[in-house]
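Residue 1 is where the sequence shown starts when you use UniProt numbering, and the numbers rise one by one after that.
Positions of the beta carbon are idealized from the N, C-alpha and C atoms, including for glycine.
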Amino acid sequence: MTANDPESVVREELERIAPALVALRRELHRAPELAFEEHRTAARVAAELSRIGIPVRAGVGRTGVVGLIEGGRPGPTLLLRADMDALPIEEQTGLPFASEVAGKMHACGHDLHTATLLGAAEVLKRLAPGLAGRVLLVFQPAEEILEGAEAMIADGVLEDPKPDFALGFHNWPYQPVGTIGWVEGACQAASDAFDIVFRGRSGHAAHPHQAIDPVAGAALFIGQLQTLVSREVNPLSPAVVTVGHIQGGTVRNIIPDTVTLKGTVSTLEASARDAVEAGMRRLLAGIETGLRLPSDLAYARKVPPLVNDPLLLSRVVGTIRAAFGEASVVKGSPSMGAEDFACFAAAVPAAHLRIGAGAPGRNDSLHNSAYQPDEGAIAVGVEALARAALDLLR
């Protein structure tokens with residue numbers, strides 16, 4: 001079997017390496033690392049790339065790893081990206097390879113992603129003589145806090161060589177294993193973060209007129225906040241505003257000096273994003289005037305929407321449909337979750353795939369302490385990435 005018969009090589013290589021990829025995924029699952037802490041994972045990735053014979057750059061974006069496969073002929077550069085970080089969740093799966101690190105878990109499947117891209121790297125390295133161009137392998141840290149992609153970009157990951165296009169992917173428990181999903185246009189939302197401190201004046205709970213109550217102001221603001229979605233954003237333009245943290249006071253009979261809120265804003269369109277931020281600032285100004293309650297707002301626009309390039313997406317989906325069959329290719333709807341692959345997609349034409357990971361008889365969801373994706377998603381992802389790369393780098 002030679003690289004002149006790439007379809008056979010993909011199948012042969014996948015059959016050979018699939019058990020090792022599952023074992024590697026379980027190894028990574030046992031030792032999860034949070035954002036920018038992925039030192040062990042990065043070292044393991046670098047060791048695997050070196051074993052395959054792929055040159056490695058480590059420490060890109062603090063804990064990111066980059067590999068490069070040179071094809072046999074000149075051509076474009078394709079970036080393939082996987083994220084590596086875990087979540088601050090106590091695992092409740094009871095699996096024999098469950099997390100051995102208290103309070104940390106691969107509850108989003110980035111261990112699968114890392115194993116998948118390493119598998120694709122091994123397949124494509126064997127096929128390298130037949131490729132026209134090169135494959136830039138990007139193993140990214142800190143996706144869960146939406147900072148890893150920007151860190152790697154700041155460290156020059158898009159500069160030498162500069163990618164002509166990029167492919168990303170995510171395991172998707174909402175589809176059965178064996179399927180591959182895609183979404184036209186914006187497939188993941190923009191994500192903004194806000195921190196608010198309401199600054200009142202403390203006092204006795206029985207003498208509220210002698211205090212300025214930040215708890216009452218925070219409660220009013222939380223109720224008003226949802227009117228920005230229901231009454232100010234176009235109903236056909238999705239927006240989600242969530243307050244995930246509120247803290248104020250220590251005992252029941254003291255009005256506190258301050259109350260702190262933390263939350264997120266998710267949108268698919270720039271007009272909705274602008275409307276929510278502007279409306280939030282206006283509501284806070286009104287509360288300061290009406291309740292004598294000033295506040296400090298820190299509002300950060302984290303990542304843009306992840307928008308699939310239509311021409312690249314069409315070509316990749318066509319390649320996958322031809323390889324896997326019509327029934328295995330699923331057109332999906334946008335998710336209001338964010339994905340910082342959007343930073344790569346804002347810089348070069350990109351497409352993002354959903355690799356079905358739903359196990360038979362289960363109803364899993366991402367970021368859940370009992371999350372158990374089907375490990376068959378690894379082989380499906382490897383084949384999808386390899387076939388897409390073969391087509392793009394003919």
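- Below 8 Å CB to CB, which residues in the same chain sit around Gly185 once its five sequence neighbours on both sides are set aside? Within the same chain, Gly185 has close Cβ partners Val307, Asn308, Pro310 and Pro334.
- Would you mind listing the beta strand (DSSP E) stretches within the UniProt domain "Peptidase M20 dimerisation" (194-284) that are 3+ residues and don't spill past its ends, in chain order? 239-247 and 258-267
- Message: Within 10 Å of its beta-carbon, does His207 have 16 or more other beta-carbons around it, so buried, or fewer, so exposed?
- Response: Answer is exposed; the Cβ neighbour count stays below 16.
- Task: Please determine if the segment 91-109 and the segment 60-80 are in contact, where contact requires at least 3 C-beta pairs separated by less than 8 Å.
- Result: no
- Query: Going along the chain, which residues of its own chain have a beta-carbon closer than 6 Å to the beta-carbon of Leu392, five neighbours each way excluded?
  - Reply: Closer than 6 Å at Cβ, skipping near neighbours: Leu78.
- Taking the C-alpha atoms as reference points, what is the distance between Leu293 and Phe194? 18 Å
- Message: I need the boundaries of the beta strand (DSSP E) containing Val330, first residue and last residue.
- Response: Val329 to Lys331
- Task: Kindly list the residues whose CB is nearer than 6 Å to the CB of Val22, restricted to its own chain and excluding five residues on each side of it in sequence; keep chain order.
- Result: Glu375
- Item | Whole-angstrom distance between Phe221 and Ala384, CA atom to CA atom | 47 Å
- Query: If you draw a straight line from the alpha carbon of Arg11 to that of Gln247, how long is it in whole angstroms?
  - Reply: 55 Å
- Is His367 helix, strand or coil by DSSP? DSSP places His367 in the coil class of the three-state scheme, outside both helix and strand.
- Query: Secondary structure at Ile54, three-state DSSP: helix, strand or coil?
  - Reply: In the structure shown, Ile54 falls within a coil segment according to DSSP collapsed to helix, strand and coil.
- Where does the unbroken alpha helix (DSSP H) through Pro176 begin, and where does it stop? Careful: Pro176 lies outside any alpha helix (DSSP H), inside the beta strand (DSSP E) at Phe165 to Pro176.
- Message: Report the start-end ranges of each beta strand (DSSP E) in the segment 32-85 that is 3 residues or longer and not cut off at the edges.
- Response: Segments of the beta strand (DSSP E) lying fully in the segment 32-85: 56-60, 64-70 and 73-83.
- Message: I need the DSSP call for Ser295, collapsed to helix, strand or coil.
- Response: strand
- Item | Contact check, Arg273 vs Asp192, beta carbons under 8 Å | yes
- Message: Distance check for Ala205 and Ala357, CA to CA, integer angstroms please.
- Response: If you draw a straight line from the Cα of Ala357 to the Cα of Ala205, it comes to about 53 Å.
- Query: So is Gln226 buried or exposed if we call it buried at 16+ other beta carbons inside 10 Å?
  - Reply: Around the Cβ of Gln226, a 10 Å sphere holds fewer than 16 other Cβ atoms; the residue is exposed.
- Message: Taking the alpha-carbon of Met84 as reference, which of Phe97, Pro214, Gly168 and Glu90 has the nearest alpha-carbon?
- Response: Gly168
- Item | 8 Å Cβ cutoff met for Ala82 and Leu28 | no
- Message: Quick check: the Cα distance between Gly203 and Ala298, rounded to an integer number of angstroms?
- Response: Each residue's alpha carbon lies about 27 Å from the other.
- Task: Go ahead and pull the three-state DSSP assignment for Gly318.
- Result: helix
- Message: Measuring straight from C-alpha to C-alpha, what distance separates Cys108 and Glu33?
- Response: Each residue's alpha carbon lies about 12 Å from the other.
- Task: Specify the secondary structure class of Glu143 as computed by DSSP and reduced to three states.
- Result: coil
- Could you check if Met1 is buried or exposed, using at least 16 other CB atoms within 10 Å of its CB as the buried criterion? A caution first: Met1 carries a pLDDT of 42, below 50, which makes its placement in the model unreliable, though a value can still be read off. Exposed is the label assigned to Met1, since fewer than 16 other Cβ atoms lie within 10 Å of its Cβ.
- What residue from Ala219, Gln175 and Arg201 has the CA that sits closest to Ala211's CA? Arg201
- Message: Among Phe139, Pro238, Gly156 and Ala218, whose alpha-carbon lies nearest the alpha-carbon of Ser271?
- Response: Pro238
- Query: In whole angstroms, what separates the C-alpha of Leu127 from that of Val240?
  - Reply: 44 Å
- From the DSSP output, which residues share a beta bridge with Val138? Val66 and Arg81
- Message: Could you compute how far the alpha carbon of His250 sits from the alpha carbon of Val259?
- Response: Reading off the sequence shown, one finds Thr at residue 250, where the question assumed His. Roughly 11 Å between the two C-alpha positions.
- Task: Report the three-state DSSP secondary structure of Thr114 (helix, strand or coil).
- Result: helix
- So, using beta-carbon positions, are Ile152 and Leu228 closer together than 8 Å? Note that residue 152 is Met in the sequence shown here, rather than Ile. Cβ distance not < 8 Å, so Met152 and Leu228 don't count as in contact.
- Relative to the C-alpha of Ala278, which residue among Ala300, Ala20 and Phe198 is closest? Ala300
- Reference Gly64; option with closest CA among Pro76, Ala149 and Glu90: Ala149
- Check whether the Cβ atoms of residue 402 and Val233 sit closer than 8 Å, and answer yes or no. Because the chain spans 1 through 394 in this model, residue 402 falls outside it and cannot be assessed.
- Message: Among the candidates Glu339, Ala338 and Gly318, whose CA atom is the shortest distance from the CA of Lys331?
- Response: Nearest to Lys331 by alpha-carbon distance, out of Glu339, Ala338 and Gly318, is Gly318.
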